[in-house]
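Peer 1: Next up is a structure, given as structure tokens.
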Amino acid sequence: MNNNITNEPFSCSRDGLTIRGHIYHAAQIDFSKHSSKTPVIILSHGFLGDETQLFTYAESLAGIGYTAVTFDFNGGGPRSTSSGKSVDMTVLTEKADLLSVIKYVETLEYTDNNNISLMGCSQGGFVSALTAAELKDRIKQLVLFFPALCIPDDARKGEMLVMSFDPDNIPPVICQEPMTIGRDYALTAQKLDVYKEIAAFTGRTLIIHGTEDKVVNIEYSRKAKNIYKNVVLKKIEGADHGFAGKDDEEAIRTLLDFCKFAE
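Quick note on numbering: the sequence shown equals residues 587 to 849 in this note's numbering.
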């Protein structure tokens, strides 16, 4: 933990479910002063994940003056601290979770509600893109790390990561381990036209994707680059899905350089 960064737990609700997470900011900020209102960035984790996978990004963003918010999706991962059952989780329930977190953040006295950004990794990137498209000008910028824009195509094929099923006759449960995934997860995704859905967002967008991603082919991000109006696509040569080591360091440098413009 960076001693110059503090974090505090928070919770909010969506449809009777409790969403839990943490808020990161620089330790020296005096929130008693009106002038201390900070830009905000809300980070969303990927499929089977949780907020702990995002703390390095959150600390880095807090270090340049952001209030960075991480949270667990309801039913979003085996170690989720939020409520909800994984069998009920879909990209649209996660979108509803993210909208609830945004509403909560907007109630904080020290946040600049005219400077809210979204960042998401993998499925969290897809969810963030869907949310930004709905809120449009309310979101200042969008950051997508290896966004899983392949989810609708995969659902239509009946092949989704650890899941394999008949796409025309989806069973009630399509995955048991490491967590139970229900029919609605695939059925909801099948109905989405991903590029039509995300195109409504016209703000500043950064996409970072590894050229050797074996989970989400970089071609999905290349196509997104042609859809978005104001976008940078950063390719990390040789990187797979999820960044580590030097690849992660390069991604963080790119992230911070991009986000400094929104301070």
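Where a beta carbon is used, it is the ideal one built from N, C-alpha and C, also for glycine.
Computed from a predicted model, the values in this text were never measured in an experiment.
Return the first residue and the last residue of the alpha helix (DSSP H) that Q776 is part of.
Peer 2: Position 190 of the sequence shown, counted from the first residue, corresponds to residue 776. R769 to Q776 is the extent of the alpha helix (DSSP H) around Q776.
Peer 1: With distances taken Cα to Cα, identify the nearest neighbour of T653 among D674, Q776, N701 and G635.
Peer 2: Looking up residue 653 in the sequence shown gives position 67. Nearest C-alpha to T653: N701.
Peer 1: Looking at C-beta atoms only, is the number of pairs between the region 765-782 and the region 673-683 that lie closer than 8 Å three or more?
Peer 2: Counting Cβ pairs under 8 Å, three or more are found: they touch.
Peer 1: Verify the contact flag: A786, CB atom, against every heavy atom of the ligand MN, threshold strictly below 8 Å.
Peer 2: This structure simply doesn't include the ligand MN, nor any ligand for that matter.
Peer 1: Classify G632: buried if its beta carbon has 16 or more other beta carbons within 10 angstroms, exposed otherwise.
Peer 2: Translated into positions along the sequence shown, residue 632 becomes position 46. So G632 ends up on the buried side.
Peer 1: Within its chain, find whatever has a CB closer than 7 Å to the CB of E692; leave out the 5 residues flanking it on each side and keep chain order.
Peer 2: In the sequence shown, the residue the question calls residue 692 occupies position 106. Excluding positions up to five away in sequence, the list reads N699.
Peer 1: Which runs of the alpha helix (DSSP H) at least 4 residues long sit entirely within the region 587-660? Give them in chain order.
Peer 2: List check, alpha helix (DSSP H) in window: 641-648.
Peer 1: State buried or exposed for A644, treating a residue as buried only when at least 16 other CB atoms are found within 10 Å of its CB.
Peer 2: Translated into positions along the sequence shown, residue 644 becomes position 58. Buried, because 16 or more other Cβ atoms sit within 10 Å of the Cβ of A644.
Peer 1: How many Å lie between N803 and F731 at the Cα?
Peer 2: Taking the first residue of the sequence shown as position 1, residue 803 is located at position 217. Taking the first residue of the sequence shown as position 1, residue 731 is located at position 145. Cα to Cα, the separation comes out at about 13 Å.
Peer 1: Who pairs with Q850 in a beta bridge, going by DSSP?
Peer 2: Within the shown structure, residues of the chain are numbered from 587 to 849, placing residue 850 beyond reach of any answer.
Peer 1: Classify K722: buried if its beta carbon has 16 or more other beta carbons within 10 angstroms, exposed otherwise.
Peer 2: By 1-based counting over the sequence shown, the position of residue 722 is 136. The residue is exposed, with fewer than 16 neighbouring Cβ atoms inside 10 Å.
Peer 1: I need the straight-line Cα distance from I605 to E836, nearest angstrom please.
Peer 2: What you label residue 605 is simply residue 19 of the sequence shown in a count that begins at 1. What you label residue 836 is simply residue 250 of the sequence shown in a count that begins at 1. Cα to Cα, the separation comes out at about 31 Å.
Peer 1: Give me the Cβ distance between G649 and N660, rounded to the nearest whole Å; I'm assuming they're in contact under 8 Å.
Peer 2: For the purposes of this step, residue 649 is taken as the residue at position 63 of the sequence shown. For the purposes of this step, residue 660 is taken as the residue at position 74 of the sequence shown. Rounded, the Cβ-Cβ distance is 29 Å, inconsistent with contact.
Peer 1: Taking 9 Å as the threshold (C-beta atoms), are C736 and E818 in contact?
Peer 2: Working through the sequence shown from its first residue, we reach residue 818 at position 232. Working through the sequence shown from its first residue, we reach residue 736 at position 150. Note that residue 818 corresponds to Val in the displayed sequence, not to Glu. No, the Cβ-Cβ distance between V818 and C736 is not below 9 Å.
Peer 1: For my contact list, I784 and A715 are in at a C-beta cut-off of 8 Å; report their separation, rounded to the angstrom.
Peer 2: Counting from one through the sequence shown, the residue named residue 784 turns up at place 198. Counting from one through the sequence shown, the residue named residue 715 turns up at place 129. Indeed they touch by this definition, with Cβ atoms about 4 Å apart.
Peer 1: Considering only the beta carbon of each residue, do P758 and P664 sit closer than 9 Å?
Peer 2: Locating residue 758 in the sequence shown gives position 172, counting from the first residue. Locating residue 664 in the sequence shown gives position 78, counting from the first residue. Cβ atoms of P758 and P664: not closer than 9 Å.
Peer 1: Around the C-beta of S597, are 16 or more other C-beta atoms found within 10 angstroms, so that it is buried, or is it exposed?
Peer 2: Residue numbering aside, residue 597 sits at position 11 when the sequence shown is read from its first letter. By the 10 Å Cβ count, S597 comes out exposed.
Peer 1: Rounded to whole angstroms, what's the CA-CA distance from K685 to L842? Just pull it up for me.
Peer 2: Locating residue 685 in the sequence shown gives position 99, counting from the first residue. Locating residue 842 in the sequence shown gives position 256, counting from the first residue. The question names Lys, but residue 685 is Leu in the sequence shown. Each residue's alpha carbon lies about 24 Å from the other.
Peer 1: Got a sec, what are the start and stop residues for the beta strand (DSSP E) G796 sits in?
Peer 2: Here residue 796 is taken as the residue at index 210 of the sequence shown, counted from 1. Unbroken beta strand (DSSP E) run through G796: R790 to G796.
Peer 1: To the nearest angstrom, how far is it from the Cα of H620 to the Cα of L694?
Peer 2: Along the sequence shown, read from residue 1 onward, the residue named residue 620 stands at position 34. Along the sequence shown, read from residue 1 onward, the residue named residue 694 stands at position 108. With a pLDDT of 46 at H620, under the threshold of 50, the modelled position of this residue cannot be trusted, and the question is left open.
Peer 1: Compute the beta-carbon to beta-carbon distance between G662 and A612, rounded to the nearest angstrom, for a pair I have assumed lies under 8 Å.
Peer 2: One-based indexing of the sequence shown puts residue 662 at position 76. One-based indexing of the sequence shown puts residue 612 at position 26. At roughly 28 Å, the Cβ-Cβ gap does not stay under 8 Å, so G662 and A612 are not in contact.
Peer 1: Under the DSSP definition of a beta bridge, which residues are partnered with T697?
Peer 2: Position 111 of the sequence shown, counted from the first residue, corresponds to residue 697. BP columns for T697 point to T624.
Peer 1: By the DSSP assignment, the beta strand (DSSP E) with F731 in it spans what residues?
Peer 2: Here residue 731 corresponds to residue number 145 of the sequence shown, with the count starting at 1. Taken as a continuous stretch (DSSP letters only), the beta strand (DSSP E) holding F731 covers Q727 to F731.
Peer 1: Please list the terminal residues of the continuous alpha helix (DSSP H) segment that includes G842.
Peer 2: Translated into the one-based positions of the sequence shown, residue 842 becomes position 256. Reading off the sequence shown, one finds Leu at residue 842, where the question assumed Gly. Note, L842: alpha helix (DSSP H), G831 to C845.
Peer 1: Short of 6 Å in beta carbon distance, which residues of its chain neighbour S666, apart from the five on each side in sequence? Order them along the chain.
Peer 2: Residue mapping note: residue 666 aligns to position 80 of the sequence shown, counting from 1. For S666, where only same-chain residues beyond five positions count, the Cβ hits under 6 Å are D636 and D658.
Peer 1: Going by CA-CA distance only, name the one from S750, V748, C707 and G744 that's closest to A734.
Peer 2: Translated into positions along the sequence shown, residue 734 becomes position 148. Residue C707 is the option with its Cα nearest to A734.
Peer 1: With DSSP collapsed to three states, give me the class of S672.
Peer 2: On the sequence shown, position 86 is the one that residue 672 refers to. S672: helix per DSSP, three-state reduction.
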